[in-house]
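K.L.:
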Amino acid sequence: MAKMIKLLSGNEALALGAYHAGVEVAAAYPGTPSTEILESIARFDDIYAEWSTNEKVAVEVALGASYAGARSLVSMKHVGLNVASDPFIAASTTGVGAGMVVVAADDPGMHSSQNEQDSRHYARLAKVPVLEPGDSQEAYELMAHAFDISERFDTPVLVRMTTRLSHSKSVVKTDRERAVPGRAVGFKRDVAKYVMVPAYARLRHPVMEERLVGLATFAETLPLNQVLWGDQSLGVVSSGVAYQYSREVLPRASFLKLGMVYPLPENLIRYFAVQVDRLVVIEELDPFLEESIRAMGISVVGKECIPRVGELNPDIIEDGLRRIGLLNEVVSSPGPGVVPGLPKRPPLLCPGCPHAGFFFVISRLGKRSRAPKSRGKAASESGLVITGDIGCYTLGAYPPLNAMDTCACMGASIGQALGMVKAGTSQRVVAVIGDSTFLHSGITPLVDAVYNGGQLTVVILDNGTTAMTGHQHHPGTGISAQGKETRAVKLEDVVRGVGVSDVRVVSAFNIRDIRAALRSSLDSSGLSVIIVRGACAVRAPRHAQPRVIDAEKCNQCQLCLLIGCPAIRRENKRIYIDPASCVGDACTICEQICPRQAIAPQFEVGVVAPA
Amino acid sequence: MKKFDLLVTGVGGQGVILASNIIGEVALAAGYDVKKTDTLGMAQRGGSVVSHVRLGRGVYSPLIKADEVDIMVAFEKLEAARWSHYLRPGAVAIVNNHAQFPLSVNLGDEPYPDDGEIVGILRRSTERIYLIDGTSRVEALGNPRTLNVFLLGCASVFLPLKIRVWQDIISQRVPPGVQKLNITAFNRGRKEMRRVYLRQGAAEYGARVVDTEDVRGGGRA
Ligand SMILES: Cc1ncc(C[n+]2csc(CCOP(=O)(O)OP(=O)(O)O)c2C)c(N)n1
Ligand code: SF4
Ligand code: SF4
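In structure tokens, the structure reads:
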């Protein structure tokens, strides 16, 4: 390949780096901000790339490939590593065959996540090395190191990304081509290495400890760890994007920039520390580096001035350093600051979203939605609990629908619902879960509910895609990550197959059917599953005959506003439908629920919607 | 090589990210170091979107510091106000004269700020506020989806980057079949920006309109 210079996101650069490093198998489950790593690598058709059912499976697939002699890559968001932690630690215990790299993308600031964990802690738990790039060029280059380290030290390597690195574009120069290590693929039996019965596992633990010692020595001279001398009155230890912010704020300071954040190069850190007057650690989230450096007996400041909560930026670092006297320049002119009180713009279900109809129905049945004017009053107690899960449908928790009561982690809705039933609540409990989430981690709790029994309704919202993370395929769609047709897993077959006898499939755009299914399920005494099926409006954008509200018939009851459809708007006490947003024929939810039949296709009403 | 920090903002679905990608690629082609980053949350579903684009000799942080944005391109008025604290004193604010109501406004729970309020908020930082009728102009051109490229045309007036490179990158980045339409939208955006700029009396700000002729050998301004 010729020389290339391009603007790439951190995720795209990781994918290209892995490809050039000779990766042959890539597996992932989508999750912001990691999703584009697999999406990018799947475009190379000379490697195998898959969306796995979940992160645990993805790590197992990659581990198998590595055992069999192929370099493998797994990517996931930070919480994915929680799901995958069992095989991840197992991989560290057995070691690898060919190189194996695991990317976990943290989300400081929780741009689109349910927590803000710092995945570097897995390094200590799993006893694996962790690399962290500072921009896309480094992400690209680091991949070659990661695979080499993995093979040299017989260990999986963790690459820690953050949202800002994954989703920032910066310049990447390459002059390398793909190089696949020339070795035959094939598993070589080695019982003491690959069969972790206690007798053999006991032999592996000391190997893991020695490996860490070896890695720490290796880190001393690893070019990814760099000293950049500047003014020696202040020395900064940093890594990742925090390093970039710090350079911006402290252009003259000396830096120890760590590309490998575990295990640490103790001698290099000491060497750096003694040559600077004051040492500060600037890192995002937990004091991971700081505590290790302090444990070496070196005096440092860190979290006294750099917050451990939320995403950093140059302003926050500047403020923190100034507060403890490490930055003396005066602020030129304090800016005007954030404007208070502007209307927020939270994400919404799309017009024509297949989740809206179901939520409208359950919200009405549970007496949760109130006319906009009366909002703010306490919800009436209805004896209905809706345990929820993660996906676009989590937006059903917000007004005007107010139709979700829990959201913890993927797949939790069904187990939580069962637990509430088993706790003896007299409330009816409904678990609501998306199709991708159900396949990810909803099947095992459903088996639990079959096995242990209980009066429970499980609703699977099947929009035929993993919408929340950008519409990836999943086992239910029958199309692979590389666009090939595969065998689709049918949800109703799975549900019946694990022993649920009361299974109903209804259209997401048929209010009457949804209501009937829900009512009869709530009346039944056992476990029932309702699959609400309808294509995601983004995947199937069909705009035909937008609906119109007939002002003559409309009596301003505002029921249609409770769908939460962004196409239905109110201005000057008049409700109208924005014809450019309404998907029309493919949806018709508002038309079905209007008590006065005031909503119809445009041609029937004959009135033109206001612009 | 002068540095430029740009903030591009709007509502999910308006094409903000493509626009900021294009700025980045044009600048890269002109020899700048470039970093750009988007904050979008679940933008596909109509949330607020903001992209930071930084051009210079060597760029460290992908995020721009508050009060340091040189040029803001806002696709929507409320979003212009929301991110206005990023503007440096005297920055250029190109604001599409278009309101897209968030749900709370739609449902009548809170008012949408009027033009006076929005301009007042922007004035805390700068007088160089240009309200551009982008949405209605591109609707007249026949394709509302060219709004992002139209606004790039507006922004291009303030950037020392060659027109030909803008046009090449735009052609590469928009779907085949609408290339010509997008180039037209870009050129119209430039024209409209000049018109508004001159109307508002460029001289009083002591600024000058960068013209194609001025920027031959772009990137060295
Ligand atoms: C362990 C874990 N992996 C990945 C994610 C990211 N994520 C959030 S929701 C979701 C899937 C949503 O798909 P689906 O259940 O089909 O609902 P939809 O968004 O399509 O409505 C994913 C992958 C996560 N939050 N946790
Ligand atoms: S992306 Fe699809 S599933 Fe998500 S809100 Fe929009 S229509 Fe609904
Ligand atoms: S038919 Fe009604 S509910 Fe469906 S998208 Fe149009 S306005 Fe919204």
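Protein chains in written order, with the numbering used here: chain A, 17 to 627; chain L, 5 to 225.
Each residue gets a CB set at the ideal place from its N, CA and C atoms; glycine is no exception.
Computed from a prediction, not measured in an experiment: that's the story for all the values here.
Starting from Phe271(A), trace the alpha helix (DSSP H) both ways and give me its first and last residue.
P.N.:
Counting from 1 along the first sequence, the entry for residue 271(A) is found at position 255. No alpha helix (DSSP H) holds Phe271(A); the beta strand (DSSP E) holding it covers Ala269 to Lys273.
K.L.:
Does Lys39(L) pass the burial test, meaning 16 or more other C-beta atoms within 10 Å, or should it be called exposed?
P.N.:
The residue labelled residue 39(L) in the question sits at position 35 within the second sequence. When all chains shown are included, Lys39(L) counts as buried.
K.L.:
Who sits around ligand 2, taking every residue whose Cβ is closer than 5 Å to one of its heavy atoms?
P.N.:
That gives Leu365(A), Cys366(A), Cys369(A), Cys408(A), Asn479(A), Ala483(A), Cys552(A), Ala553(A) and Val554(A).
K.L.:
Tell me whether Cys603(A) counts as near ligand 3, meaning its Cβ is closer than 6 Å to at least one heavy atom of that ligand.
P.N.:
Sequence index remark: in the first sequence, residue 603(A) carries index 587 (1-based). Yes.
K.L.:
Could you check the C-alpha separation between Leu358(A) and Phe374(A) for me, to the nearest Å?
P.N.:
Along the first sequence, one-based indexing puts residue 358(A) at 342. Along the first sequence, one-based indexing puts residue 374(A) at 358. Using only the alpha carbons, I get a separation of about 31 Å.
K.L.:
Closer than 6 Å by C-beta to Glu148(A): which residues in its own chain qualify, once you throw out the five before and the five after it? Chain order, please.
P.N.:
For the purposes of this step, residue 148(A) is identified with residue 132 of the first sequence, where counting begins at 1. Excluding sequence neighbours, Glu148(A) sits near Arg176, Ser255, Gly256 and Val277.
K.L.:
So which of Met159(A), Ala200(A) and Ala107(A) has the shortest CA-CA distance to Val275(A)?
P.N.:
As a working note, residue 275(A) is residue 259 in the first sequence. It should be noted that the sequence gives Gly, not Val, for residue 275(A). Checked all of Met159(A), Ala200(A) and Ala107(A); the closest Cα to Gly275(A) is Met159(A).
K.L.:
So the beta strand (DSSP E) Gly515(A) belongs to, where does it begin and stop?
P.N.:
Here the question's residue 515(A) lines up with position 499 in the first sequence. Note, Gly515(A): premise wrong, no beta strand (DSSP E); not H, not E.
K.L.:
Please confirm if Tyr261(A) has its CB atom under 7 Å from at least one CB of chain L.
P.N.:
On the first sequence, residue 261(A) is found 245 positions in, with the first residue counted as 1. By this cut-off, Tyr261(A) is an interface position.
K.L.:
With a Cβ-Cβ cutoff of 7 Å, do Arg361(A) and Pro106(L) count as a contact?
P.N.:
Looking up residue 361(A) in the first sequence gives position 345. Looking up residue 106(L) in the second sequence gives position 102. Closer than 7 Å, so yes.
K.L.:
Give, in chain order, every residue of the stretch 97-117 of chain L whose Cβ lies closer than 9 Å to some Cβ of chain A.
P.N.:
Here the close residues are Gln104, Phe105, Pro106, Leu107, Ser108, Val109, Asn110, Leu111, Gly112, Asp113, Glu114, Pro115, Tyr116 and Pro117.
K.L.:
Tell me, please, whether the CB atom of His490(A) is closer than 7 Å to any CB atom in chain L?
P.N.:
To locate residue 490(A), count along the first sequence from 1; it is residue 474. No, no contact with chain L.
K.L.:
For Ala47(L), collect the residues of the same chain with a Cβ closer than 6 Å to its Cβ; drop the 5 residues on either side in sequence, then sort them by chain order.
P.N.:
Taking the second sequence and counting its residues from 1, one reaches residue 47(L) at position 43. Here the model assigns Ala47(L) a pLDDT of 48, short of 50, so the residue's position is not dependable, and the following value carries that caveat. The answer, listed in chain order, is Gly16 and Val53.
K.L.:
Since Met85(L) meets chain A, which of its residues come closer than 8 Å, beta carbon to beta carbon?
P.N.:
Sequence index remark: in the second sequence, residue 85(L) carries index 81 (1-based). The residue you asked about is not Met; residue 85(L) is Ala in the sequence shown. What Ala85(L) touches in chain A: Val355 and Leu358.
K.L.:
For a minimum of 4 consecutive residues, which ranges assigned as the alpha helix (DSSP H) are wholly contained in the stretch 39-96 of chain A?
P.N.:
Within the stretch 39-96 of chain A, the complete alpha helix (DSSP H) runs of at least 4 residues are 51-57 and 71-83.
K.L.:
Closer than 6 Å: is that where the CB of Cys573(A) sits relative to any heavy atom of ligand 3?
P.N.:
To locate residue 573(A), count along the first sequence from 1; it is residue 557. False, no ligand heavy atom lies under 6 Å from that Cβ.
K.L.:
Using a C-beta cutoff of 7 Å, does Ser366(A) count as contacting chain L?
P.N.:
As a first step, residue 366(A) is located in the first sequence; it is residue number 350 there, counting from the start. It should be noted that the sequence gives Cys, not Ser, for residue 366(A). Cys366(A) counts as touching chain L.
K.L.:
In whole angstroms, what is the alpha-carbon distance linking Ala215(A) and Leu141(A)?
P.N.:
Indexing the first sequence from 1 puts residue 215(A) at position 199. Indexing the first sequence from 1 puts residue 141(A) at position 125. For Ala215(A) and Leu141(A), the distance between alpha carbons rounds to 21 Å.
K.L.:
List the residues of chain L whose Cβ lies closer than 7 Å to the Cβ of Val187(A), in chain order.
P.N.:
Position 171 of the first sequence, counted from the start, is the residue given in the question as residue 187(A). Leu32, Asp37 and Val38, listed in chain order.
K.L.:
Could you tell me which chain A residues have their CB closer than 8 Å to the CB of Leu67(L), listed as they occur along the chain?
P.N.:
Position 63 of the second sequence, counted from the first residue, corresponds to residue 67(L). In chain order: Arg180, Tyr261, Asn329 and Pro330.
K.L.:
Between the Cα of Met426(A) and those of Met436(A), Asp151(A) and Lys93(A), spot the shortest distance and give me the residue it belongs to.
P.N.:
Translated into positions along the first sequence, residue 426(A) becomes position 410. Minimum Cα distance to Met426(A) is reached at Lys93(A).
K.L.:
Kindly list the residues whose CB is nearer than 7 Å to the CB of Asp539(A), restricted to its own chain and excluding five residues on each side of it in sequence; keep chain order.
P.N.:
Translated into positions along the first sequence, residue 539(A) becomes position 523. Answer for Asp539(A): no residue qualifies.
K.L.:
Using the rule of at least 16 other Cβ atoms within 10 Å of the residue's Cβ for burial, across every protein chain shown, is Ala394(A) buried or exposed?
P.N.:
As a working mapping, residue 394(A) is identified with position 378 in the first sequence. Residue confidence is low: Ala394(A) scores 46 on pLDDT, short of 50, so the model does not pin down where it sits. No coordinate-derived value is stated.
K.L.:
So, with DSSP's three-state summary, where would you put Phe8(L)?
P.N.:
Here residue 8(L) is taken as the residue at index 4 of the second sequence, counted from 1. Three-state DSSP puts Phe8(L) in a strand.
K.L.:
Could you check where the alpha helix (DSSP H) with Leu477(A) kicks off and where it finishes?
P.N.:
Mapped onto the first sequence, residue 477(A) falls at position 461. Note, Leu477(A): premise wrong, no alpha helix (DSSP H); beta strand (DSSP E) at Leu472 to Asp478.
K.L.:
Rounded to whole angstroms, how far is the Cβ of Asp421(A) from the Cβ of Thr403(A), which I believe are closer than 8 Å?
P.N.:
Here residue 421(A) refers to the residue found at position 405 of the first sequence. Here residue 403(A) refers to the residue found at position 387 of the first sequence. Indeed, because the Cβ distance is near 6 Å, the residues count as touching under 8 Å.
K.L.:
Which whole-angstrom value is the C-beta distance of Pro164(L) and Thr130(L), which I expect to be below 8 Å?
P.N.:
The count along the second sequence starts at 1 and reaches residue 164(L) at position 160. The count along the second sequence starts at 1 and reaches residue 130(L) at position 126. Contact flag wrong, Cβ pair sits at about 20 Å.
K.L.:
List the endpoints of the continuous beta strand (DSSP E) containing Gln242(A).
P.N.:
Indexing the first sequence from 1 puts residue 242(A) at position 226. First-last of the beta strand (DSSP E) with Gln242(A): Gln242 to Leu244.
K.L.:
Which of helix, strand or coil does DSSP assign to Asn418(A)?
P.N.:
Indexing the first sequence from 1 puts residue 418(A) at position 402. Of the three classes helix, strand and coil, the one that applies to Asn418(A) here is coil, per DSSP.
K.L.:
What would DSSP say about Ala394(A), mapped onto helix, strand or coil?
P.N.:
Within the first sequence, the letter at position 378 stands for residue 394(A). Its pLDDT being 46, under 50, Ala394(A) is placed unreliably by the model, and the measurement read from it follows with that caveat. Ala394(A): coil per DSSP, three-state reduction.
K.L.:
Hey, is the stretch 20-35 of chain A in contact with the stretch 454-464 of chain A, meaning 3+ C-beta pairs nearer than 8 Å?
P.N.:
No, because fewer than three Cβ pairs between the stretch 20-35 of chain A and the stretch 454-464 of chain A fall closer than 8 Å, the two stretches do not touch.
K.L.:
Given this structure, state the Cα-to-Cα distance separating Ala567(A) from Pro367(A), to the nearest angstrom.
P.N.:
Working through the first sequence from its first residue, we reach residue 567(A) at position 551. Working through the first sequence from its first residue, we reach residue 367(A) at position 351. Their backbone Cα atoms lie some 21 Å apart in a straight line.
K.L.:
Could you list which residues in chain A have their beta carbon closer than 8 Å to that of Gly28(L), in chain order?
P.N.:
As a first step, residue 28(L) is located in the second sequence; it is residue number 24 there, counting from the start. Chain A residues near Gly28(L): Leu23 and Lys185.
K.L.:
Would you say the beta carbon of Ala556(A) comes nearer than 6 Å to a heavy atom of ligand 3?
P.N.:
One-based indexing of the first sequence puts residue 556(A) at position 540. Ala556(A) Cβ: outside cutoff for every heavy atom of ligand 3.
K.L.:
Can you check whether the CB of Gly353(A) is closer than 7 Å to the CB of His89(L)?
P.N.:
As a first step, residue 89(L) must be located in the second sequence, where it is residue number 85. As a first step, residue 353(A) must be located in the first sequence, where it is residue number 337. A contact, by the Cβ cut-off of 7 Å.
K.L.:
In the DSSP output, which residue or residues are listed as bridge partners for Thr41(L)?
P.N.:
Working through the second sequence from its first residue, we reach residue 41(L) at position 37. The partner list for Thr41(L) (beta bridge, DSSP) reads Ser184(A) and His56(L).
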